[in-house]
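Residue numbers (mature numbering (1 follows the signal peptide of the UniProt record, and there is no 0)): -21 to -1, 1 to 180. Ideal placement from N, C-alpha and C gives every residue a C-beta, glycine not left out. First comes the structure, then the notes that go with it.
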């Protein structure tokens, strides 16, 4: 009788151990309490024992609203849920419900957070870089404008110089004409005087 009672006590002690073995999760994506910083489009929970095909996953947000899963598949000891679009930033909970091969129905929860970096976050984190790029572009534009202005000024100066040289040449020619005329007149007068003197002789 004592042996039978001892056997029953041992059997009762073993029952929780058997149940607990089936509740053990060996791996999950995302893991319990994880902070996900990239796009998340697939959920998976892996168990220590093989599970039945009727095992399932339920995804809810921080308001308790269910997020629809495109599909749920069971492969040996892994149950996987696929999302049509990546999750938005926020707090989520995966509720898993499985049926072990020995018939035990087990469930649990895996909370996690999504904090993916968006384009707006990058713009807010790097406003100085954006400003620097804009400033560099403005400086390039200013340099181009300055170079164009200098080129135009040089062209105008060159044209003015050529015009001044032309005017100086014309002025020099004009100033030489009276001198040449006087010389020609003197020569003619001298020649006329010589001719007259020869005739008188």
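Run through the DSSP bridge pairs and tell me what residue i is partnered with.
{"i": "residue 58", "result": "24, 53"}
{"i": "residue 78", "result": "84"}
{"i": "residue 36", "result": "75"}
{"i": "residue 93", "result": "15, 69"}
{"i": "residue 6", "result": "25"}
{"i": "residue 44", "result": "Partner(s): none; residue 44 has no beta bridge."}
{"i": "residue 162", "result": "None; residue 162 has no bridge partner."}
{"i": "residue 30", "result": "79"}
Please classify residue i: does DSSP put it in a helix, a strand, or coil?
{"i": "residue 85", "result": "strand"}
{"i": "residue 1", "result": "Here the model assigns residue 1 a pLDDT of 49, short of 50, so the residue's position is not dependable, and the following value carries that caveat. Of the three classes helix, strand and coil, the one that applies to residue 1 here is helix, per DSSP."}
{"i": "residue -10", "result": "Legend: pLDDT at residue -10 = 47, less than 50; position of this residue unreliable, value from coordinates given subsequently. Correct three-state label for residue -10: helix."}
{"i": "residue 64", "result": "coil"}
{"i": "residue 16", "result": "coil"}
{"i": "residue 175", "result": "helix"}
{"i": "residue -5", "result": "Low confidence applies here, because residue -5 scores a pLDDT of 41, under 50, leaving its location unreliable and the question unanswered by this model."}
For my contact list, residue i and residue j are in at a C-beta cut-off of 8 Å; report their separation, rounded to the angstrom.
{"i": "residue 80", "j": "residue 31", "result": "7 Å"}
{"i": "residue 198", "j": "residue 95", "result": "Only positions -21 to 180 of the chain appear in this structure, which leaves residue 198 out of reach."}
{"i": "residue 49", "j": "residue 29", "result": "In fact, because the Cβ distance is near 24 Å, the residues do not count as touching under 8 Å."}
{"i": "residue 47", "j": "residue 19", "result": "Contact doesn't hold; Cβ gap of about 15 Å is too wide."}
{"i": "residue 52", "j": "residue 45", "result": "In fact, because the Cβ distance is near 19 Å, the residues do not count as touching under 8 Å."}
{"i": "residue 3", "j": "residue 34", "result": "With a Cβ gap of about 15 Å, residue 3 and residue 34 do not count as contacting."}
{"i": "residue 58", "j": "residue 36", "result": "6 Å"}
- [ ] Tell me, please, whether the segment 63 to 73 touches the segment 86 to 100 by the rule of three or more beta-carbon pairs shorter than 8 Å.
- [x] Judged by Cβ distances under 8 Å, the segment 63 to 73 makes contact with the segment 86 to 100, as three or more pairs qualify.
Open item on the list: Count Cβ pairs between the segment 18 to 36 and the segment 2 to 9 that sit closer than 8 Å; are there 3 or more?
Closed with: Remark: three or more beta-carbon pairs, one from each stretch, lie closer than 8 Å, so the segment 18 to 36 and the segment 2 to 9 are flagged as touching.
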